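J.: Handing you this structure, nothing more for now.
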Amino acid sequence: MIRRIEIVRAHINLVSPFRTSFATEVDRNLLYVRVVGDDEEGWGECVAMAAPLYSSEYVDGCEEVMKRYLIPMISASTTAEEFVQNSAAIRGNFMAKAAIEAALLDFQLRKANVSLANFLGATQTKVASGVSVGIQPTIDDLLRVVAEYRADGYVRIKLKIEPGLDIDRVRAVREAFGSDMLLQVDANAAYAVDDAAHLAKLDEFNLLLIEQPLPEEDIVGHVELSKRVGTPICLDESITSYDVARGALDINACSIINIKPGRVGGYLESKRIHDLCLSRGVPVWCGGMLETGIGRAANLALAALPGFTLPGDTSASKRYFIQDVTTPFELVDGYIDVPNTVGIGVRPITEVLGAMTSRVDSYTITK
Ligand code: OSB
Ligand code: MG
Numbered sequence: 000m001i002r003r004i005e006i007v008r009a010h011i012n013l014v015s016p017f018r019t020s021f022a023t024e025v026d027r028n029l030l031y032v033r034v035v036g037d038d039e040e041g042w043g044e045c046v047a048m049a050a051p052l053y054s055s056e057y058v059d060g061c062e063e064v065m066k067r068y069l070i071p072m073i074s075a076s077t078t079a080e081e082f083v084q085n086s087a088a089i090r091g092n093f094m095a096k097a098a099i100e101a102a103l104l105d106f107q108l109r110k111a112n113v114s115l116a117n118f119l120g121a122t123q124t125k126v127a128s129g130v131s132v133g134i135q136p137t138i139d140d141l142l143r144v145v146a147e148y149r150a151d152g153y154v155r156i157k158l159k160i161e162p163g164l165d166i167d168r169v170r171a172v173r174e175a176f177g178s179d180m181l182l183q184v185d186a187n188a189a190y191a192v193d194d195a196a197h198l199a200k201l202d203e204f205n206l207l208l209i210e211q212p213l214p215e216e217d218i219v220g221h222v223e224l225s226k227r228v229g230t231p232i233c234l235d236e237s238i239t240s241y242d243v244a245r246g247a248l249d250i251n252a253c254s255i256i257n258i259k260p261g262r263v264g265g266y267l268e269s270k271r272i273h274d275l276c277l278s279r280g281v282p283v284w285c286g287g288m289l290e291t292g293i294g295r296a297a298n299l300a301l302a303a304l305p306g307f308t309l310p311g312d313t314s315a316s317k318r319y320f321i322q323d324v325t326t327p328f329e330l331v332d333g334y335i336d337v338p339n340t341v342g343i344g345v346r347p348i349t350e351v352l353g354a355m356t357s358r359v360d361s362y363t364i365t366k
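Residue 302 in numbering that gives the first Met the number 0 is what sits at position 303 of the sequence shown, and the numbering runs on without skipping anything.
Have a look at this one:
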């Protein structure tokens, strides 16, 4: 029986600024959902950023929609599956929904003594990990940072790019680290279809993919771009659901999909997209949103499914945080172990989370 839902608001600094084409993040404004029962609890992490720059959601808005619309849908016996069904009436708000779904899943799987990985259908016990490299002030900085991540063992490098900080950056990294290194770029929607000829200059660098070159809504623009650029197009921001994924694949807007559970409304929807892509032979990989250990643990479970054939942004805790809220995830020979105990397999360390927490609001479940 679910007795109450807590929203825990907290703050954590990043080890270094993370610059993308849309923002420079120096910290995370955190929101955790804690489902509390009589003798069990479940945790979920909301991946929304402080400001609506990556997508339309932002963390304070997520809290608002949770307390006003989503938490009131939960009764003492609501399952994650029921929550997903019932909350479909609320449009969008995927990150808010996903955080609650994750906490409900963790709660019910702990009670059932099943790991999230097993529940989702994981076939791997460890996952190969890539790292997302923010836009650096200079090419020298970039080469130094990439060298550090290579030394850590990351098997794939993703460079954030934006117009003007793209072709030369990729060329420099290719020249310094060779053509064998798995390399891809992420534009976070910073280009337009008219940039097709410019982006085609990346073709000579044998990249795995170009992630989200055009705006979220311009799925049709990606169809045109895919014809004019040789490098595979991968969608991130645009893929907000199973239906969007199917449509994008049907019209050849992309040939690879980045699955982020927060962006698509949860782990159950993520599995549906994975299954679709697996059945069509479309490679998928697990994206990240600078998650702390709670979200990172659940992402690792998802990334262990058989269709995740490309390394994800499932880096080690220390890539982003000096002290994670859970036992840190560590990279060993380029791989991170998938949690295999119950639920998401981790809990926040009480003292660590307590020191970071600014507020806890508790919502009693009376139905
Ligand atoms: O576009 O993949 C993205 C981080 C925040 C928001 C969007 C993105 C990212 C990353 C980093 O690229 C992923 C990670 O390592 O968590
Ligand atoms: Mg991306």
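Glycine included, C-beta positions come from ideal geometry on N, C-alpha and C. Predicted, not measured: the structure shown is a model, and the values here were computed from it.
(1) Express the C-alpha separation of glycine 333 and isoleucine 156 in angstroms, rounding to a whole number.
(2) Quick check: does the Cβ of aspartate 336 come within less than 6 Å of any heavy atom belonging to the ligand MG?
(3) Between the Cα of phenylalanine 176 and the Cα atoms of Gly246, His197, Val154, Val192, which residue gives the shortest distance?
(4) Report all residues from its chain with a CB closer than 6 Å to the CB of phenylalanine 328; omit the five preceding and five following residues, and keep chain order.
(5) For alanine 79, report the span of its alpha helix (DSSP H) as first-last.
(6) Does the separation of the CB atoms of leucine 275 and cysteine 253 fall below 7 Å?
(7) When every heavy atom of the ligand OSB is checked, does at least one fall within less than 6 Å of the C-beta of asparagine 187?
(8) Just list the residues that DSSP pairs isoleucine 256 with in beta bridges.
(9) Between threonine 308 and the rest of its own chain, which residues show a CB-CB distance below 6 Å, the 5 nearest in sequence each way excluded?
(10) Can the beta-carbon of tyrosine 53 be found closer than 7 Å to that of glutamate 44?
(11) What span of residues does the beta strand (DSSP E) with valine 172 cover, start to end?
(12) What whole-angstrom Cβ distance do valine 34 and isoleucine 4 have, given they're in contact under 8 Å?
(13) Does the structure place the region 341-349 close enough to the region 135-148 that three or more beta carbon pairs sit under 8 Å?
(14) How many angstroms separate the CA atom of serine 269 from the CA atom of leucine 299?
(15) Pick out whichever of Gly264, Ile238, Arg271 has its Cα sitting closest to the Cα of isoleucine 256.
(16) Hey, alanine 116 and alanine 303 are a contact pair by Cβ (cut 8 Å); roughly how many whole angstroms apart?
(17) Figure out for me which residue from Thr349, Ser357, Pro305 has the closest Cα to the Cα of threonine 124.
(18) What number of angstroms, rounded off, separates the C-alpha of aspartate 202 from the C-alpha of methionine 288?
(19) Please tell me whether methionine 0 and glycine 36 are closer than 7 Å, where the distance is taken between their beta carbons.
(20) So, does the region 67-82 touch the region 100-111, judging by three or more C-beta pairs under 8 Å?
(21) Mind checking who tyrosine 31 pairs with in its DSSP beta bridge?
(22) Give me the residue from Gly60, Asp38, Phe204 with the minimum Cα distance to arginine 109.
(23) Valine 331 bridges to which residues according to DSSP?
T.: Quick look at the numbers:
(1) 12 Å
(2) no
(3) Val154
(4) Arg295, Ala315, Ser316, Ile335
(5) 79-85
(6) no
(7) yes
(8) Leu234, Val283
(9) Pro282
(10) no
(11) Element bounds for valine 172: not the beta strand (DSSP E) but the alpha helix (DSSP H), 166-176.
(12) 6 Å
(13) no
(14) 13 Å
(15) Ile238
(16) 5 Å
(17) Pro305
(18) 27 Å
(19) yes
(20) yes
(21) Val7, Glu44
(22) Asp38
(23) Tyr334
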